[in-house]
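Note that this note's numbering has the sequence shown beginning at 3, numbered continuously upward. Every residue, glycine too, gets a C-beta built ideally from N, C-alpha and C. Just so you know, these numbers come straight off a predicted model, no measurement behind them. Please read the structure below before turning to the comments.
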Amino acid sequence: MGETAYHPFCELAPRNDGRNGRARRQVFVMETSDDKLERRLYSHDLAPLPKEMDLIFKTTPDQVVRPNYAQEVAQMMAKAKATRKPIVPRGAGTWGLGGSVPVKGGYVLDMTAMNKIVAIDEKNLIVVAQPGITWKALSEALDAKGLFLPCYPSSAPSATLGGWIGTGGTGIGAYKHGSAGDIIRDLEVVLPTGEIIHTGDKYVPANGGGPNLNWLFVGSEGILGVITEVTLAVLPKPDVQRAAAYSFDDLSQLTPAIRKLSRSDVMPMHIMFGDRAHFEYLRAIGKDAPDVGCMVTCSLTGGKESVDLDERILDEIMTSSGAKKMPSEVAEHEWSERSYEFRVREMGIGAIPGEILVPIEGFDKTLEETRKLVQKMKLKGPVIGTVADRNTVMLMPYYLTDEHNFFRSTAAMGFGKKLGDIAFENGGRPVGLGLFFAGNLDRYRGKEGAELVRKLKDLIDPDGIMNPGKVVETGTRFGISLPAAFMNFGMNMMAGMKRLMPRDKVGEKELSKLKK
3 MGETAYHPFC ELAPRNDGRN GRARRQVFVM ETSDDKLERR LYSHDLAPLP KEMDLIFKTT
63 PDQVVRPNYA QEVAQMMAKA KATRKPIVPR GAGTWGLGGS VPVKGGYVLD MTAMNKIVAI
123 DEKNLIVVAQ PGITWKALSE ALDAKGLFLP CYPSSAPSAT LGGWIGTGGT GIGAYKHGSA
183 GDIIRDLEVV LPTGEIIHTG DKYVPANGGG PNLNWLFVGS EGILGVITEV TLAVLPKPDV
243 QRAAAYSFDD LSQLTPAIRK LSRSDVMPMH IMFGDRAHFE YLRAIGKDAP DVGCMVTCSL
303 TGGKESVDLD ERILDEIMTS SGAKKMPSEV AEHEWSERSY EFRVREMGIG AIPGEILVPI
363 EGFDKTLEET RKLVQKMKLK GPVIGTVADR NTVMLMPYYL TDEHNFFRST AAMGFGKKLG
423 DIAFENGGRP VGLGLFFAGN LDRYRGKEGA ELVRKLKDLI DPDGIMNPGK VVETGTRFGI
483 SLPAAFMNFG MNMMAGMKRL MPRDKVGEKE LSKLKK
């Protein structure tokens with residue numbers, strides 16, 4: 003698309019050519035683009051971002067660069083330092099908090115060209131891959147070898163390894179096997195100084211050898227370095243993987259069942275749920291979805307006998323809590339759709355997800371307050387979610403908005419702020435910081451902990467080139483940071499504006515056809 007150039011860069015360190023013993027410099031060819039339209043495509047992520055935001059943030063990069071090797075990333079670090087321009091790493095852009103969107107222009111590193119599997123080690127149960135490969139492609143390659151990814155994001159068909167690790171990685175499989183950080187053996191990372199480091203050991207966990215550097219980069223949202231290689235622990239493929247689904251009259255009835263399940267010996271690989279509004283929208287756009295008040299789907303893995311036993315216990319837990327077991331074909335269909343929660347975007351509108359983590363004991367109150375928030379802000383707000391671990395529910399309400407209407411789409415952004423407040427009040431927190439919620443860092447880590455994070459950022463990135471304006475501050479194109487209180491005030495104002503506007507009619511036409 004547009005004008006794409008291929009520029010040579012020289013390797014930072016000399017390499018021996020193996021013939022006459024003399025060192026030579028290796029030349030790499032790295033794809034770059036200065037085309038205005040192509041650069042504009044990198045000015046947003048999953049969530050729509052009104053162009054008026056350019057008054058505050060320089061969201062269009064000066065150049066898009068697609069590296070192929072870690073050495074090329076190191077070259078770009080040197081160039082960024084010399085030109086005093088930021089480096090913004092980017093995967094597939096499937097996140098919605100602006101983490102991969104420039105604040106001050108600079109260079110966007112599109113890591114999707116680094117999409118190779120380096121090695122699948124069946125003896126040691128590890129896979130080594132580049133960060134730009136999608137989780138789906140990696141999973142399919144492992145499946146062909148009889149191996150299995152313990153956890154991966156729901157956006158696996160498009161989400162990249164590096165992107166999901168950088169944003170924290172709680173997804174499919176987390177209930178049984180832990181999150182992304184739990185399966186990482188080693189990361190190759192290019193630091194803002196240009197140094198290339200390895201954070202762990204390829205074959206064994208990184209515990210007991212000082213601070214675990216793997217976890218330093220998990221959830222760091224690209225502010226500390228660029229991941230250029232990932233080593234993950236994998237598992238033998240289970241003999242059986244079976245889905246079981248159960249319907250309730252309303253999502254609020256789910257809590258007792260989840261509480262019983264989380265205190266039992268049954269360990270589903272994954273637990274996901276959706277409410278009536280979610281399934282109504284799916285049917286409205288012509289998808290195969292059940293007519294239920296709420297449905298929870300569990301994926302069971304293991305040997306046949308153990309899965310059979312787990313399903314019997316699961317049946318008893320769910321039915322004793324008021325659920326009705328759905329036919330197996332419904333369960334399998336729902337499982338096959340696990341990566342497509344936001345199909346409603348096929349209406350041609352914006353579907354922006356919120357993500358919060360709350361303890362199971364706070365789920366009922368959180369759900370009630372979320373529903374009230376959706377009504378007050380006059381939004382369309384279906385609710386989906388997962389059970390992240392034995393004590394944590396991830397709630398993902400999403401709202402529908404006309405992203406082409408500046409005032410409505412901007413005002414609706416206040417929903418994320420209000421949703422995060424609900425999570426904090428009920429013992430949980432929002433998921434991620436990115437560009438718009440960097441002011442939450444002190445609430446996440448406490449004043450002293452947040453200050454330590456800022457000091458680590460300054461230590462590792464002394465020139466401030468690595469994805470600035472995110473996580474530790476809300477930066478602007480003018481080189482000044484917006485105070486957290488200012489951002490929170492602005493988000494609350496947006497929410498207030500939305501409450502004064504007429505009720506959204508987004509999706510009503512499709513729903514009315516369904517009811518007829």
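- Secondary structure at H179: helix, using DSSP grouped into helix, strand and coil.
- Around the beta-carbon of S330, fewer than 16 other beta-carbon atoms lie within 10 Å, marking it exposed.
- With respect to the 9 Å criterion, L256 and F281 are not classified as neighbours on the basis of their beta carbons.
- Between E124 and K106 the beta-carbon gap is near 45 Å, outside 8 Å, which marks them as no contact.
- Non-local beta-carbon contacts of L149 in its own chain, meaning distances under 8 Å to residues more than five positions away in sequence, involve I122, E124, L127, V129, V236, L237, P238 and K239 in chain order.
- In this structure, Y248 keeps its C-beta atom at 9 Å or more from the C-beta atom of K178.
- Per DSSP, the unbroken beta strand (DSSP E) holding R92 starts and ends at I89 to R92.
- Considering only E74, V75, G173 and T476, the residue with the shortest C-alpha distance to L437 is T476.
- By alpha-carbon distance to V220, the top candidate from L226, G168, S308 and P464 is G168.
- Assignment of beta-bridge partners to G304 by DSSP yields V242.
- Rounded to whole angstroms, G100 and M320 show a C-alpha spacing of 39 Å.
- Note on E74: 16 or more other CB atoms within 10 angstroms of its CB, so buried under the neighbour-count rule.
- For the set T299, S483 and R431, the Cα lying nearest the Cα of F250 is the one of T299.
- A Cβ-Cβ separation of about 5 Å places M271 in contact with G175 under the 8 Å criterion.
- Residue pairing by DSSP puts I128 in a beta bridge opposite D123 and A235.
- If you compare the alpha carbons of I58, P69 and K500 with that of Q377, the shortest gap goes to K500.
- The count of Cβ pairs closer than 8 Å, one atom from the region 440-453 and one from the region 392-409, stays below three, leaving the stretches out of contact.
- According to the DSSP assignment, F281 belongs to the alpha helix (DSSP H) that extends over R278 to A286.
- For L421 against L375, the beta-carbon gap comes to about 7 Å, under 8 Å, which counts as contact.
- Between R244 and L302, the C-beta gap is smaller than 9 Å, which places the two residues in contact.
- Every alpha helix (DSSP H) of 4 residues or more that sits fully in the region 357-381 is shown, in chain order, as 365-378.
- Short of 6 Å from the beta carbon of P159, and not among the five residues preceding or following it, lie these beta carbons of its own chain, in chain order: K138 and S341.
- If you check the CB distance, L458 and L226 come in under 9 Å.
- By the C-beta density criterion, F365 is buried, having at least 16 other C-beta atoms within 10 angstroms.
- If the five residues before and after A440 are omitted, its C-beta is found closer than 7 Å to the C-beta atoms of K472, V473, V474, E475 and T476, all from its own chain and listed in chain order.
- Where Y109 is concerned, the enclosing beta strand (DSSP E) starts and stops at Y109 to D112.
- Its Cα nearest to that of S323, the residue D252 stands out among A182, K306 and D252.
- Of the other Cβ atoms in all chains shown, 16 or more fall within 10 Å of the Cβ of P155; this residue is therefore buried.
- Sequence-distant partners of V66 (beyond 5 residues in either direction) whose C-beta falls short of 7 Å from its own C-beta, in its chain, are T34, S35, E40, R41, Y44, V110 and D112.
- The Cβ-Cβ distance between R92 and D465 does not fall below 9 Å.
- Assigned with DSSP and collapsed to three states, P504 falls in coil, not helix or strand.
- Within the same chain, I358, L359, G422, A425, N442, R445 and Y446 come within 8 Å of R431 by CB-CB distance, once the 5 residues on both sides are set aside.
- Between T114 and T61, the C-beta spacing is not below 9 Å.
- Cα atoms of A390 and D145: separation of roughly 24 Å, rounded to the nearest angstrom.
- In this chain, the beta strand (DSSP E) harbouring H200 covers I198 to H200.
- Within the same chain, and ignoring the five residues on either side of N117 in sequence, the residues whose Cβ sits closer than 7 Å to its Cβ are Q132, G134 and I135.
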